[in-house]
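Protein chains in written order, with this note's numbering: chain A, 172 to 1038; chain B, 4 to 115.
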């Protein structure tokens, strides 16, 4: 038996014995950092022994040939099943052939020992050459460490070749490292918060720690032209958090390697349970269950990810001229409160963050501009949080900032930053339970908080998406009156997942109530958010039934009730599914969701005239009677015969006010109420029905320069009409002249009672207005439907929106002897979408009248149309 | 061994799954599918635009079974998914040569 064979057998025993001892020590509560250092030392001793047996009895020989540890081995981080990165370094091109046999034998022995070797053989000159196809090799040299052979050769590599390579190729190295890292992050959905994270390659994993170190090292070497002190490389402010994260992750990765018996870095659910039980990396911490342990994991991963992302952003800035230009352009968005340097936000007066309003404005700025917070800004925020915790902002002020932040394009990133800094759970404690919460199911890929942020992000991304499905849903999003309520509902929809029990919806609903109290939400807004949270699974459930079945559509649409809620629920469902995992929203599901949406939207428009009766068993009616027991008769009289749609569109307080106005008709035959609601005005008219009524009011508003964006008209069994017009004030007449509010009401009353001529008023207005060229031409489409209502004929008109349109259309309808029973008027961009339920002499419109009305409308609305 | 491929209505998936579990079938693969047989497409108008669905959403189940289970499974699927209308779907049966459980390389009926 030759000496190498004897050595092999000894080394195999040594390796097995030492590996078992390392595992034993780790299992008895040892630390990962100790285990990797010990494995490194064991492997190193084996290599040296083989070197002396195969290459040179003198460990510092032969000349011009050296054995170098690179990559993880070079760093001294040999995890239990990590590969061993080795470089066989020689001085010149000719020596490779002579060394080939020795290198082969050396490697063969290591493989026979079942060590996984990743060897490379290079000359010194080759090491100094940058290969864009193998950036990893250049990066691995940053951790090079001498093992055996020619010390002088190794010195030339470390002290000259590598610093020269880094100085010369700094920009390429950083750019490539950035690309490799971004592509790796992309594979993991760009988030730390996976239910089963990969502790090495996932965002915030050990690889990110290395990336942060390499970026800082390359940057420092370029400046110094030599090796810097490694202890000074990473940002001082983050060093403590990074050291703790590194210890924890090293222990976790060792645990996984030992547990799986192979190079597998996935923190599976079973592994999480065991890690929590054994308190891996957290012997001094109170750990009740796997969720607690995972929160620790995510906390450390978040710290690593934060620093690596920051360095990835900051360091290329110093090199790329395009990047600098872009950042210089971004720095122009600086404000008197916040300055922007290299894409990072700094606070001009750091003490100003003591003011909660400034803090909220900071995150609004972040959400608006898509920028990151600088380390110093984050540090300042962390400092002010304890004082903020005693009296956190709440009520209308908090909601004002929150809703504006939620509506900004980068809202999800701002929410993530608020969450990472613990500001979000401080402002909205309802979200505390879902922070980094792992809920195990086979579909979700992310923690509950990240799922919610991602859902919000998907909605914002709709605007820039070019896919067919996204464009359709993006159109719906643009039509929403209050998108912030949808975003708030998305933030809260799974907030109950931390609560025990199977049904998280009830718990989420409770959190929604307390959150609505905290934000002092307007009752109608509270009801909308509450509805969305409560119903967030309804549309998915309806999709599992037949989306083409009219009974399924009817049942679902009736539960939703009004088109605005349908749009919100549809978008919530879309975002919720899409944020489950990257593959969850298949074209199949998007198609089903869209079909269900349009079928339900059509149903809602075509079933609006089901009438209410005072003795109906309706929860809203019961609620109304309980609120106003004395006024019960008054309310019953008013509601009798109104369409059920009326109750779905108006809240309880509106109904009570309308009933009171109706009761006053004996004193004044025209009851008007005008108020400003959000970004538009709302005019409510209650009077007895008469010809040309809806047309006259539309005309009067148009004559005042108001742009009607939405309207609805209903009438009860006694012929009392409730018309509501929502309009914008194009010339700011009402905003700038308070007395004009009263004059507008008087003017409308005069038109209704015949004391003023609306057509003359309108002519004056239209004459004084220039006709602006429209960007989008909308062809007029007119459709009659006799089947959808038992009492009326439905008319749907789609046409180009323009001043006075509603007046023109409704005048034609009245001229043809038709009565408007119900009107549902909407605008979508330049398109007016008007649905009217019409009768003539108390019955549906006959074919001749429909044909005549069709002709009249086409003539009036679209003069260029041929017929 | 036989492979059962059943194309059924989306709304029938849950009841079919339950019916199969009742007769002892635990494993199945479900695909989102689209298609039509004699049942034609569907057209809906929304805001003046026509949305036509030529291929109706369906789900496809695939189950590989020991031969003695096939008739029971076919019966369970047909009973659970039948509405009597066009569009209820189809079941296809085909022979399978062998099955291998990846975890332990067990073969034949034992691997199912």
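A virtual CB, placed ideally from N, CA and C, is assigned to each residue, including glycine.
Determine contact between the region 409 to 423 of chain A and the region 358 to 365 of chain A, defined as no fewer than three beta-carbon pairs at a distance below 8 Å. Cβ pair count under 8 Å is below three, so no.
Can you tell me which of 56(B), 63(B), 105(B) and 87(B) puts its alpha carbon nearest to the alpha carbon of residue 94(B)? For the purposes of this step, residue 94(B) is taken as residue 91 along the second chain, with counting starting at 1. Selected option, being the one with the closest Cα: 63(B).
Reducing DSSP to helix, strand and coil, say where residue 950(A) ends up. As a working mapping, residue 950(A) is identified with position 779 in the first chain. When secondary structure is reduced to three states using DSSP, residue 950(A) falls in the coil class, being assigned neither helix nor strand.
Per-residue burial, residue 788(A) [other beta carbons within 10 Å of its own, 16 or more giving buried]: The sequence position of residue 788(A) within the first chain is 617, counting from 1. Around the beta carbon of residue 788(A), fewer than 16 other beta carbons lie within 10 angstroms, which makes this residue exposed.
Can you tell me where the beta strand (DSSP E) holding residue 65(B) begins and where it ends? Here residue 65(B) is taken as the residue at index 62 of the second chain, counted from 1. Counting along the chain, the unbroken beta strand (DSSP E) around residue 65(B) starts and ends at 59 to 68.
Counting Cβ pairs closer than 8 Å, one from the region 584 to 594 of chain A and one from the region 326 to 339 of chain A, do we hit at least three? Contact between the region 584 to 594 of chain A and the region 326 to 339 of chain A is not established, with fewer than three Cβ pairs separated by less than 8 Å.
Going by beta carbon distance, what residues of the same chain come within less than 8 Å of residue 179(A), once the five residues before and after it are set aside? Within the first chain, the letter at position 8 stands for residue 179(A). 280, 283 and 284, listed in sequence order.
Give a yes or no on whether 8 Å exceeds the smallest Cβ distance from residue 37(B) to chain A. Counted from its first residue, the second chain places residue 37(B) at position 34. Cβ-Cβ to chain A under 8 Å: yes for residue 37(B).
As assigned by DSSP and simplified to three states, the class of residue 359(A): Against the first chain, residue 359(A) aligns to sequence position 188. DSSP, read as helix, strand or coil, puts residue 359(A) in coil.
Quick one: is residue 870(A) buried, meaning 16 or more other Cβ sit within 10 Å of its Cβ, or exposed? Reading the first chain from its first residue, position 699 is the one you call residue 870(A). Around the beta-carbon of residue 870(A), 16 or more other beta-carbon atoms lie within 10 Å, marking it buried.
Which residue or residues does DSSP assign as beta-bridge partners of residue 851(A)? For the purposes of this step, residue 851(A) is identified with residue 680 of the first chain, where counting begins at 1. Answer by DSSP bridge pairing, in chain order: 848(A).
Helix, strand or coil: how does DSSP classify residue 829(A) here? As a first step, residue 829(A) must be located in the first chain, where it is residue number 658. The DSSP-derived three-state label of residue 829(A) is helix.
Residue-level contact to chain A via CB, residue 84(B), 8 Å cutoff: Start at 1 with the first residue of the second chain, and residue 84(B) comes out as number 81. Among the residues facing chain A, residue 84(B) is not included, as its CB has no counterpart in that chain under 8 Å away.
Would residue 835(A) be called buried (16 or more neighbouring beta carbons within 10 Å of its own) or exposed? Position 664 of the first chain holds residue 835(A). Per the 10 Å Cβ criterion, exposed.
Tell me, please, which residues DSSP counts as bridged to residue 48(B). Start at 1 with the first residue of the second chain, and residue 48(B) comes out as number 45. Looking at the DSSP assignment, residue 48(B) forms a beta bridge with 53(B).
Just to confirm the assignment, what range does the beta strand (DSSP E) spanning residue 38(B) have? Numbered from 1 along the second chain, position 35 holds the residue referred to as residue 38(B). Under the DSSP assignment, residue 38(B) falls in the beta strand (DSSP E) whose first and last residues are 32 to 38.
Would residue 736(A) pass as a contact of residue 779(A) if the rule is Cβ separation under 8 Å? Counting from one through the first chain, the residue named residue 736(A) turns up at place 565. Counting from one through the first chain, the residue named residue 779(A) turns up at place 608. Residue 779(A) is positioned such that its CB atom lies no closer than 8 Å to that of residue 736(A).
Give a yes or no on whether the minimum CB-CB distance between residue 711(A) and chain B is below 8 Å. Along the first chain, read from residue 1 onward, the residue named residue 711(A) stands at position 540. Taking 8 Å as the threshold, the shortest C-beta distance from residue 711(A) to chain B does not fall below it.
Closer than 8 Å to chain A by CB, residue 108(B): Walking along the second chain from the start, residue 108(B) turns up at place 105. No, no contact with chain A.
Where does the unbroken alpha helix (DSSP H) through residue 287(A) begin, and where does it stop? On the first chain, residue 287(A) is found 116 positions in, with the first residue counted as 1. Where residue 287(A) is concerned, there is no enclosing alpha helix (DSSP H), given that its DSSP letter is neither H nor E.
Find out if the Cβ-Cβ distance for the pair residue 661(A), residue 711(A) is shorter than 8 Å. Residue mapping note: residue 661(A) aligns to position 490 of the first chain, counting from 1. Residue mapping note: residue 711(A) aligns to position 540 of the first chain, counting from 1. No, the Cβ-Cβ distance between residue 661(A) and residue 711(A) is not below 8 Å.
For residue 814(A), three-class secondary structure by DSSP: In the first chain, the residue the question calls residue 814(A) occupies position 643. Three-state DSSP puts residue 814(A) in a strand.
Measure the Cβ-Cβ separation of residue 344(A) and residue 239(A) and say whether it is below 8 Å. Counting from 1 along the first chain, the entry for residue 344(A) is found at position 173. Counting from 1 along the first chain, the entry for residue 239(A) is found at position 68. With respect to residue 239(A), residue 344(A) sits apart: the two C-beta atoms are not nearer than 8 Å.
Does the beta carbon of residue 638(A) sit closer than 8 Å to a beta carbon anywhere in chain B? Against the first chain, residue 638(A) aligns to sequence position 467. No, residue 638(A) lies away from the interface with chain B (no Cβ there is under 8 Å from its Cβ).
Give, in chain order, every residue of the region 747 to 780 of chain A whose Cβ lies closer than 8 Å to some Cβ of chain B. Within the region 747 to 780 of chain A, the qualifying residues are 757, 759, 760, 762, 763, 765, 766, 769, 770, 772 and 773.
The region 856 to 873 of chain A / the region 982 to 1001 of chain A touching (three or more Cβ pairs under 8 Å): A contact between stretches requires three or more CB pairs, one per stretch, nearer than 8 Å, and the region 856 to 873 of chain A meets this requirement with the region 982 to 1001 of chain A.
Residue from 236(A), 567(A) and 250(A) whose Cα sits closest to the Cα of residue 692(A): Sequence index remark: in the first chain, residue 692(A) carries index 521 (1-based). In this structure, 567(A) is the residue among 236(A), 567(A) and 250(A) with its C-alpha nearest to the C-alpha of residue 692(A).
From residue 679(A) to residue 299(A), what distance separates their C-alpha atoms? Indexing the first chain from 1 puts residue 679(A) at position 508. Indexing the first chain from 1 puts residue 299(A) at position 128. Their backbone Cα atoms lie some 59 Å apart in a straight line.
Just to confirm, is the Cβ distance from residue 865(A) to residue 889(A) under 8 Å? Locating residue 865(A) in the first chain gives position 694, counting from the first residue. Locating residue 889(A) in the first chain gives position 718, counting from the first residue. No.
Once DSSP output is grouped into helix, strand and coil, what is the label at residue 17(B)? Residue numbering aside, residue 17(B) sits at position 14 when the second chain is read from its first letter. The three-state secondary structure of residue 17(B), taken from DSSP, is helix.
Looking at chain B, is there any beta carbon in it that lies within less than 8 Å of the beta carbon of residue 1036(A)? Residue 1036(A) sits at position 865 when you count from the first residue of the first chain. Only weak support exists for where residue 1036(A) lies, its pLDDT of 42 falling under 50; the coordinates are left without a value.
For chain B, is any of its Cβ atoms less than 8 Å away from the one on residue 172(A)? Translated into the one-based positions of the first chain, residue 172(A) becomes position 1. Note on residue 172(A): pLDDT 45, under 50, position unreliable in the model; no value is reported.
Any C-beta of chain A within less than 8 Å: which residues of the region 48 to 74 of chain B qualify? Per Cβ criterion, the list reads 48, 49, 50, 51, 54, 56, 59 and 60.
On the three-state DSSP scale, how would you describe residue 603(A)? As a first step, residue 603(A) is located in the first chain; it is residue number 432 there, counting from the start. Helix, per DSSP.
Straight-line Cα distance separating residue 960(A) from residue 1009(A): Along the first chain, one-based indexing puts residue 1009(A) at 838. Along the first chain, one-based indexing puts residue 960(A) at 789. The straight-line gap from Cα to Cα measures roughly 10 Å.
Whole-Å CB distance - residue 35(B) paired with residue 759(A), under 8 Å assumed: Sequence index remark: in the second chain, residue 35(B) carries index 32 (1-based). Sequence index remark: in the first chain, residue 759(A) carries index 588 (1-based). Right, the Cβ-Cβ distance comes to about 4 Å (below 8 Å), so this counts as a contact.
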